[in-house]
Amino acid sequence: MAITIATWNINSVRLRIGIVEQFLAAESPDVLCLQEIKTIDDSFPRKALIEAGYPHLAIAGQKGYHGVAIASKLPFKTVEKDDWVAMGDARHLRVRFEDGLLLDNFYIPAGGDEPDPVANPKFDHKLKFLREMVAWGERRRASEKRAIVVGDFNVAPLEHDVWSHKKLLDVVSHTPIETNLLGEVQAAHDWVDAVRHFVPPSEKLYSWWSYRAADWNAADKGRRLDHIWVTPDLAGGLVSTRTLREARGWEKPSDHVPVMLTLEV
DNA sequence: ATGGTAGTCGCACTA
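Numbering (my numbering), first residue to last: 60 to 324.
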């Protein structure tokens, strides 16, 4: 069976439920993983998603900040959320589907402006979060052979995941300490970068453009912060990926666009 | 080198 999974940092799901519905109607993924829903669970727009054909909802919300959710056509067998770095932040959800397939949805901390863990506690938090993910991968690697991890990782790991490798080497999201650490996370579970499986690393590819640019499209100073990784056992079933650049130009857009993967499971 | 925009039960914080 082929399934399609989408991941999208929506930057307030209540404000943007209209473009979520538009996206689901147009693309009809089986599963949508959202980050930065910016709402408590009770205010999550459940009805809109159920009516759009996504009756299975897992929500990890918090007031004002962060928050992740998974909306699915397929039922879940289990739902879990981990408290990473013991911060109490809503940055993670895990669901297992009925066939055993495992899906983790992450919103990794952005890390603030200064790439110094001593001067900047938010950067320290981000590094600790990534280190916990390394240990998590090592723990599960032997037992979880059919797993997918998606989300806003807030790291653009490759040279062509940013508009200028040289200019961004000291900019949080592309510093060597972060890209090396994300490499350790990837190696810890042998994750395959499903998007770069199809788009060669020599080709520029972005999933985020700052709101602060006067003309995001013309300047095109993007970064690839949103990712979909699969275990080696699933990599043989990879069918296609899409990164919906046009969504950045929609009415009242998120600063991130949806990233999608279709695979045989 | 700076400041630019967006969202959230605001008067600050996160991104």
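Note that the Cβ used here is the ideal one computed from N, Cα and C, for glycine as well.
Here Leu74 is exposed, its C-beta having fewer than 16 other C-beta atoms within 10 Å. Boundaries of the alpha helix (DSSP H) harbouring Lys185: 180–199, taken from the DSSP string.
The alpha carbon of Val208 has as its nearest neighbour, out of Pro114, Leu293, Trp222, Thr234, the alpha carbon of Leu293. For Ala107, same chain residues with a beta-carbon under 7 Å away, outside a window of 5 residues either side, are Ile76, Glu80 in chain order.
When beta bridges are read from the DSSP output, Tyr166 appears opposite Asp211. Exclusion of the five residues before and after Ala253 leaves Ile287, Trp288, Val289, Leu297, Thr300, Leu320 as the residues of its chain whose Cβ lies within less than 7 Å of its Cβ. C-alpha of Gly123 to C-alpha of Gln94: approximately 13 Å in a straight line. DSSP places Glu139 in the uninterrupted beta strand (DSSP E) bounded by 135–139. In the DSSP annotation of this structure, the continuous segment of the beta strand (DSSP E) that includes Gln94 starts and ends at 90–94.
Counting only runs of 4 or more residues that sit fully inside the region 249–315, the alpha helix (DSSP H) segments are 253–257, 275–278, 291–294, in chain order. In this structure, the straight-line span from the alpha carbon of Tyr113 to that of Lys136 is close to 15 Å. Per DSSP, the unbroken alpha helix (DSSP H) holding Arg105 starts and ends at 105–110. In this structure, Arg153 lies near Lys140, with their beta-carbon atoms less than 9 Å apart. By the neighbour-count criterion, in which 16 or more other beta carbons inside 10 Å mark a residue as buried, Val231 falls on the buried side. Val127 has Gln94, Ala119 as its beta-bridge partners, per DSSP. According to the DSSP assignment, Thr238 belongs to the alpha helix (DSSP H) that extends over 235–247. Nearest Cα to Leu241 within the set Trp309, Ala273, Ala194: Ala194. When the beta-carbon positions are compared, Val72 and Ile109 stay at least 9 Å from each other. If you look at Val79, you'll find it in the alpha helix (DSSP H) that goes 76–86. According to the DSSP assignment, Arg205 belongs to no beta strand (DSSP E), since it is labelled neither H nor E. Close CB contacts of Phe165 within its chain, under the 6 Å cut and outside five residues either way in sequence, are with His151, Gly210 (chain order). Under the three-state reduction of DSSP output, His219 falls in the helix class. In terms of Cα proximity to Lys263, the closest of Pro216, Gly308, Leu228 is Pro216. The beta carbon of Glu197 is closer than 7 Å to those of Ala247 in its chain, skipping five residues each way along the sequence.
In the DSSP assignment, the residues bridged to His151 are Phe165.
Within the model, the alpha-carbon separation for Gly126 versus Ile64 is close to 19 Å. Taking Thr238 as reference, the option from Glu218, Lys226, His115 with the minimal CA-CA separation is Glu218. Asp100 has its alpha-carbon roughly 23 Å from the corresponding atom of Asp285.
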